[in-house]
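Residue numbers (our numbering): 705 to 1002.
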Ligand code: ADE
């Protein structure tokens, strides 16, 4: 996967040299380039922001450097097409907010800056913003299937909307929020998204099995984990985990996942309810959780 990150704070991305992402980059599984937005300014102050039209507090990022940056990193396709992508949201999630609605084209670009070859899938522009569609594991899965991601890190009161509207005429654009809170800018959000996305890429995680049962993989939170010693500060590892009985262990883990999800994230359990069997429902009922299953006849 190729990743370009545009920011006014390239230093934020030092951690991308570390740990598993650093290893994946060194192994050639991941090609990440960080670009200073001010490269595409032309005044002595290297200005990237200005006061908002219509008044109000703060500053908005000017469109010109962003336009030039995107032109350089994602060359205009021979056949223009794009739009904010209806595919990213996926079933059961809100549609992506954005300007255009055209189908993304399969055409790549005209080849500057070592970028996209003709015939390749178009790059996707991802813009972190508290006004975006919510980032989820399902979205991470879909983004992990992209060939080329371009992240645009806004600061201040965000990026002039025309940058996104124009980009959407030639590539899919996703405005994405980590959650219902406001960060200083998109940089930390990009680090979070990249970690969630890149660990799904083939070869990045040492043990791919650990992807199978982790929290959110099946719509439930993961069961608690234990390691040696068997007794620590008077606390014992649950006997079942030391029994060697794999069927019982799997059932115990599922029960724990169900109960944790019911207590901590009833919203997730409500969404997973159609996947629950009678035994699951009995476990939940035994702990006092009454779950209504949807009426399939309707
Ligand atoms: N930028 C500022 N706040 C953000 C949030 N909650 N999610 C993504 N990007 C942001």
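Virtual Cβ for every residue (Gly too), placed ideally from N, Cα, C.
Quantities reported herein were computed from a predicted structural model and do not represent experimental measurements.
DSSP three-state call for residue i: helix, strand or coil?
{"i": "residue 765", "result": "strand"}
{"i": "residue 851", "result": "coil"}
{"i": "residue 832", "result": "strand"}
{"i": "residue 939", "result": "strand"}
{"i": "residue 918", "result": "coil"}
{"i": "residue 856", "result": "strand"}
{"i": "residue 723", "result": "helix"}
{"i": "residue 931", "result": "coil"}
{"i": "residue 817", "result": "Confidence is the limiting factor: at residue 817 the pLDDT is only 39, short of 50, which leaves the residue's position unreliable, though a coordinate-based value still follows. Three-state result, residue 817: coil."}
Using the Cα positions of residue i and residue j, report the straight-line distance between them to the nearest angstrom.
{"i": "residue 776", "j": "residue 708", "result": "11 Å"}
{"i": "residue 738", "j": "residue 710", "result": "6 Å"}
{"i": "residue 847", "j": "residue 935", "result": "42 Å"}
{"i": "residue 869", "j": "residue 911", "result": "40 Å"}
{"i": "residue 968", "j": "residue 909", "result": "28 Å"}
{"i": "residue 930", "j": "residue 952", "result": "16 Å"}
{"i": "residue 945", "j": "residue 927", "result": "12 Å"}
{"i": "residue 960", "j": "residue 947", "result": "17 Å"}
{"i": "residue 755", "j": "residue 768", "result": "15 Å"}
{"i": "residue 774", "j": "residue 919", "result": "35 Å"}
{"i": "residue 933", "j": "residue 744", "result": "57 Å"}
{"i": "residue 781", "j": "residue 925", "result": "42 Å"}
{"i": "residue 736", "j": "residue 988", "result": "45 Å"}
{"i": "residue 764", "j": "residue 715", "result": "22 Å"}
{"i": "residue 865", "j": "residue 876", "result": "15 Å"}
Quick one, which of the options has its alpha-carbon nearest residue i's?
{"i": "residue 889", "options": "896, 859, 992", "result": "859"}
{"i": "residue 971", "options": "947, 923, 928, 942", "result": "923"}
{"i": "residue 957", "options": "730, 748, 984", "result": "984"}
{"i": "residue 1014", "options": "998, 954, 903", "result": "There is no way to answer for residue 1014, as the model of the chain reaches only from 705 to 1002."}
{"i": "residue 991", "options": "843, 965, 976, 732", "result": "965"}
{"i": "residue 898", "options": "980, 718, 725, 873", "result": "725"}
{"i": "residue 829", "options": "842, 873, 823, 838", "result": "873"}
{"i": "residue 705", "options": "941, 748, 831, 849", "result": "849"}
{"i": "residue 732", "options": "742, 916, 740, 721", "result": "721"}
{"i": "residue 954", "options": "916, 973, 978, 975", "result": "916"}
{"i": "residue 986", "options": "963, 974, 976", "result": "963"}
{"i": "residue 921", "options": "840, 713, 717", "result": "840"}
{"i": "residue 729", "options": "942, 950, 905, 974", "result": "905"}
{"i": "residue 842", "options": "856, 867, 831, 792", "result": "792"}
{"i": "residue 871", "options": "856, 881, 895, 884", "result": "856"}
Any chance the CB of residue i is under 7 Å from a heavy atom of the ligand ADE?
{"i": "residue 921", "result": "no"}
{"i": "residue 881", "result": "yes"}
{"i": "residue 887", "result": "yes"}
{"i": "residue 893", "result": "yes"}
{"i": "residue 833", "result": "yes"}
{"i": "residue 732", "result": "no"}
{"i": "residue 890", "result": "yes"}
Would you decide whether residue i is buried or exposed? Buried here means 16 or more other CB atoms lie within 10 Å of its CB.
{"i": "residue 826", "result": "buried"}
{"i": "residue 939", "result": "exposed"}
{"i": "residue 982", "result": "exposed"}
{"i": "residue 886", "result": "exposed"}
{"i": "residue 833", "result": "buried"}
{"i": "residue 878", "result": "buried"}
{"i": "residue 836", "result": "buried"}
{"i": "residue 746", "result": "exposed"}
{"i": "residue 862", "result": "buried"}
{"i": "residue 854", "result": "buried"}
{"i": "residue 852", "result": "buried"}
{"i": "residue 893", "result": "buried"}
{"i": "residue 891", "result": "buried"}
{"i": "residue 844", "result": "buried"}
{"i": "residue 900", "result": "buried"}
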